[in-house]
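What follows is a short report on a single structure.
There are 2 protein chains.
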Amino acid sequence: MDQKPIPDIVVGRLPIYLRALQRMADDNQRLTSSQELSERLGISAAQIRKDLSQFGEFGKQGTGYNIDFLVAQLRQILKVDRVWDIAVIGAGDIGSAVARYQGFANRGFRVTMIFDIDPGKIGTKIGPFVVQDYTTMIDAIRQAGIRVAMIAVPAVSAQAVADELIKVGVKAILNYAPININVPEGFFVQHTDPVTHLQRMTYYLE
Amino acid sequence: MDQKPIPDIVVGRLPIYLRALQRMADDNQRLTSSQELSERLGISAAQIRKDLSQFGEFGKQGTGYNIDFLVAQLRQILKVDRVWDIAVIGAGDIGSAVARYQGFANRGFRVTMIFDIDPGKIGTKIGPFVVQDYTTMIDAIRQAGIRVAMIAVPAVSAQAVADELIKVGVKAILNYAPININVPEGFFVQHTDPVTHLQRMTYYLE
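Here the protein sequences come in this chain order: A and B.
Residues 1 to 206 (the numbering used here) make up the first sequence, in order.
Residues 1001 to 1206 (the numbering used here) make up the second sequence, in order.
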């Protein structure tokens, strides 16, 4: 596989392809085409062919893509051919929901710990997890070698939590707090906020 | 304000600008600059100036942007100078969390109803809402004139729910189910899936 950098916009589409392909595999489908993927995903077949060709020759002209092979390749490329442990910070509604989320299985992630600062939440159970004291987070994350975290705390605290996480070795943060957080070069953050998604659509409504 | 179409990629950044500006306004800040926004958002100052200039002349050279004015303009452009009622479909962990989410207030949205198909959930309360029977959804949404919905049902049901919503006048759907759903021309869907966000980051990790 060649190692030239893939444009970030392409990297962003790969998990979408992988998700669709894994679903096909779960349905015992063995072959697909850029055309079929295009219909499922609303991305042009030409774009899909171009994106996938960056990683080598997956499909044979006329026979389509071998789904199992493509899934295996994409999992390797996205580094989810392993399982990343996740720490969740914040045991409110959103933090609790993601800690219990069933959708991580077989997709490269599992939640292993959840922290909160609220004495009323510390020690309670969320799914299989006991909510741990935020003041113990640094040691726990360092000891476990956690690299991935999800922040689900109030906006006012999100940057401070991120700063702590980065100090102890977390490299990738998915932020649910409705505020932009900054991380240094070499660290990664993605933001998820239902309102920004909704506003992006209402722009187009009459 | 001129009415030429704004590129979708720019539309996608406007809610990010609005969120940052509203936070500054909440902190009683009156003026900002593309430089300050750039530092908060990790988007270049030149890009921010270019994006905002598409909607008219907001800032004066040297004096910066008037935050209240820019917030008002962006709210109008994104059509969140009003309040959109939202129907939530699915009263599991994610649906419950978004139904209770406090972050919609003053940002153009409010949840007004939640539906589920599970007799064990129908009639129970989630925050201020009584979970309604999914079979009554069509009438309820049509009667209320709902245009915006959030889907938080299992992947296998998500497309069918979207199809129903579109039939009764919903135009914009935020989908939490981990599957791509398709909507006809003139309708809008956004997907939010923690795993695709996380995979987009693990690509870059060693």
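The C-beta atom is built at its ideal place from N, Cα and C for all residues, glycine as well.
It should be emphasised that the depicted structure is a prediction, and the values quoted were computed from it without experimental measurement.
Query: In chain order, which continuous runs of the beta strand (DSSP E) of length 3 or greater are located wholly inside the region 1060-1099 of chain B?; Result: 1064-1066 and 1084-1089
Query: Less than 7 Å between the beta carbons of Arg-200/A and Val-1011/B, yes or no?; Result: yes
Query: Can you list, in chain order, the residues of the region 161-177 of chain A whose Cβ is nearer than 7 Å to any Cβ on chain B?; Result: Lys-171, Ala-172 and Leu-174
Query: Strictly under 7 Å for the Cβ-Cβ distance: is Asp-116/A near chain B by that measure?; Result: no
Query: Contact criterion: CB-CB distance below 7 Å. Does Lys-79/A meet it with respect to chain B?; Result: yes
Query: One question on the structure: do Ile-1122/B and Ala-1099/B come within less than 7 Å of each other, judged by their Cβ atoms?; Result: no
Query: Measuring straight from C-alpha to C-alpha, what distance separates Gly-120/A and Thr-136/A?; Result: 16 Å
Query: Counting only the same chain and skipping the five closest in sequence on each side, list residues whose C-beta sits under 8 Å from that of Leu-1041/B.; Result: Ile-1016, Tyr-1017, Ala-1020 and Ile-1048
Query: Ala-1152/B and Ala-1177/B look like a contact to me (Cβ under 8 Å); what is the Cβ gap, rounded to whole Å?; Result: 7 Å
Query: Please confirm whether Ala-1025/B and Ser-1034/B have their CB atoms less than 7 Å apart.; Result: no
Query: Cα-Cα, which of Glu-206/A, Ile-77/A, Arg-142/A and Gly-64/A is closest to Gln-54/A?; Result: Ile-77/A
Query: With H, G and I counted as helix, E and B as strand and the rest as coil, what does DSSP make of Phe-187/A?; Result: coil
Query: Work out the CA separation of Gln-1102/B and Ile-1173/B for me, nearest whole Å.; Result: 19 Å
Query: Could you have a look at Val-1111/B and say whether DSSP puts it in helix, strand or coil?; Result: strand
Query: Give the interface partners of Asn-180/A over in chain B, defined as CB-CB distance under 8 Å, in chain order.; Result: Ile-1016, Arg-1019, Ala-1020, Arg-1040, Leu-1041 and Gly-1042
Query: Taking 6 Å as the limit between beta carbons, can you name the residues of its chain near Pro-5/A, skipping five residues before and five after?; Result: none
Query: Rounded to whole angstroms, what's the CA-CA distance from Asn-1028/B to Thr-1192/B? Just pull it up for me.; Result: 32 Å
Query: Please report the residue range of the beta strand (DSSP E) in which Ala-1172/B lies.; Result: 1172-1175
Query: Is there a Cβ of chain A sitting closer than 7 Å to that of Gly-1103/B, yes or no?; Result: yes
Query: Mind listing the chain B neighbours of Ile-151/A? Cutoff is C-beta to C-beta under 7 Å, in chain order.; Result: Under the 7 Å cutoff, chain B gives no residues; its nearest Cβ is about 12 Å from Ile-151/A.
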